[in-house]
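Encoded as structure tokens, the structure appears first; notes follow it.
Residue numbers (full-length UniProt numbering): 1 to 351.
What follows is the structure in structure tokens.
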């Protein structure tokens with residue numbers, strides 16, 4: 001008799017030995033068994049998740065080296081408006097002529113006319129810079145700056161010894177008063193740390209014009225004012241005229257200024273100061289006048305350029321534009337404000 005068969009009859013039973021692997025390929029050597037993920041430099045590569053199968057038509061995954069970097073956004077350059085550049089050049093020329101002629105009216109015991117002219121320029125400076133920079137408690141800062149300007153002019157005229165010490169004390173006191181005034185109101189207190197630089201520039205700028213009155217009381221000081229302010233006025237005017245004709249190469253796309261105007265303006269201002277030095281009496285010489293005029297012209301032109309960069313930065317930060325007249329008066333006024341102490345320093349060092 002035959003043994004009875006089980007229901008699994010016909011199926012091949014598993015052998016007692018190890019399970020056979022897949023059939024070897026017909027060509028070449030058999031692939032090595034994969035025992036685990038690949039090891040790179042002795043460290044096991046960690047995988048963040050399960051591996052996804054690539055669909056048909058989907059591009060292969062690129063390596064990190066092949067990933068293209070995002071392209072930088074191209075910022076279109078700001079248009080240079082010729083009528084505006086010509087207007088600013090005219091304002092710089094008128095301002096320089098007014099200051100130079102005012103210095104000629106100054107004499108021993110007769111300083112008040114020049115002081116009144118300086119005070120008028122200081123009020124223009126306060127108006128332009130407070131409206132352009134908009135510090136917290138704007139009216140308070142403007143009022144304190146105007147008061148500091150008046151007291152500085154009086155101190156420059158009335159002190160027995162002509163010096164900058166009283167002006168320095170007034171600048172420090174005015175700055176502290178403006179900052180404390182901003183701290184009084186809670187709304188302005190939040191922005192006071194961001195506006196310290198703006199407040200300092202406004203207060204120091206109005207005091208800097210007072211150095212011209214002090215310089216007029218020093219021997220050869222009036223001549224130094226004539227040389228330095230003439231060089232500054234010519235440099236600012238020529239720089240703006242050059243921007244109206246050839247604003248190239250552009251220093252920044254957001255600033256409507258060119259390097260040619262800055263360089264040409266400083267060179268022409270230095271040349272004019274050297275010519276003036278040949279007509280003035282001792283201790284002036286063409287060389288000394290050229291050196292003094294060069295420092296004043298470069299200071300004025302770079303200050304005007306820095307104002308343009310500051311205005312572009314405010315616009316890029318999203319701040320609303322301020323009064324049109326104030327924004328464009330800011331550059332020449334700032335240039336003459338810094339040229340005044342530069343003229344005083346150069347007079348003390350070279351004359």
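All C-beta atoms, glycine included, are put in the ideal place defined by N, C-alpha and C.
- When DSSP states are grouped into helix, strand and coil, residue 163 belongs to the coil group.
- Counting along the chain, residue 100 sits inside the alpha helix (DSSP H) bounded by residues 82-104.
- A Cβ-Cβ distance of about 7 angstroms is found for the pair residue 334 and residue 205, placing them in contact under the 8 angstroms criterion.
- Going by beta carbons, residue 126 and residue 142 fall inside the 8 angstroms limit.
- Non-local beta-carbon contacts of residue 316 in its own chain, meaning distances under 7 angstroms to residues more than five positions away in sequence, involve 254 in chain order.
- In this chain, the alpha helix (DSSP H) harbouring residue 113 covers 112-133.
- The three-state reading of DSSP puts residue 339 in helix, counting H, G and I together.
- In this structure the segment 87-104 does not lie against the segment 273-285, because fewer than three pairs of beta carbons, one per stretch, are closer than 8 angstroms.
- The residues 334, 335 and 338, in chain order, have a CB closer than 6 angstroms to that of residue 303 in the same chain once the five nearest residues on each side in sequence are set aside.
- Beyond the five residues adjoining it in sequence on each side, residue 80 comes within less than 7 angstroms, by CB distance, of 243, 247 and 256 in the same chain, given in chain order.
- Separation of the CB atoms of residue 323 and residue 133 is rounded to 12 angstroms, and the pair is thereby denied contact status at 8 angstroms.
- Under the three-state reduction of DSSP, residue 227 is assigned to helix.
- Of all alpha-carbon atoms in 76, 99, 144 and 157, the one lying nearest the alpha-carbon of residue 110 is that of 157.
- DSSP, read as helix, strand or coil, puts residue 308 in helix.
- Taking residue 262 as reference, the option from 114, 299 and 213 with the minimal CA-CA separation is 299.
- Taking a cut-off of 8 angstroms for Cβ pairs, the segment 168-182 and the segment 213-220 do not touch, as fewer than three such pairs fall below it.
- Contact between residue 272 and residue 245 does not hold, since the beta-carbon distance rounds to 19 angstroms and is not under 8 angstroms.
- The count of Cβ pairs closer than 8 angstroms, one atom from the segment 337-351 and one from the segment 146-156, stays below three, leaving the stretches out of contact.
- Within the segment 234-320, the complete alpha helix (DSSP H) segments of 4 residues or longer fall at 259-277 and 286-316, listed in chain order.
- CA-CA distance, residue 100 to residue 249, rounds to 32 angstroms.
- Going by DSSP, residue 155 is part of the alpha helix (DSSP H) stretching over 138-158.
- DSSP lists no bridge partner for residue 109.
- If the five residues before and after residue 305 are omitted, its C-beta is found closer than 7 angstroms to the C-beta atoms of 257 and 262, all from its own chain and listed in chain order.
- Collapsing the DSSP output to three states places residue 77 in coil.
- For residue 322, there is no enclosing alpha helix (DSSP H), as DSSP gives it neither H nor E.
- Taking the CA atoms as reference points, residue 202 sits about 34 angstroms from residue 287.
- Taken through DSSP and simplified to helix, strand or coil, residue 193 comes out as coil.
- Taking the Cβ atoms as the reference, residue 252 lies roughly 37 angstroms from residue 214, outside the contact range of under 8 angstroms.
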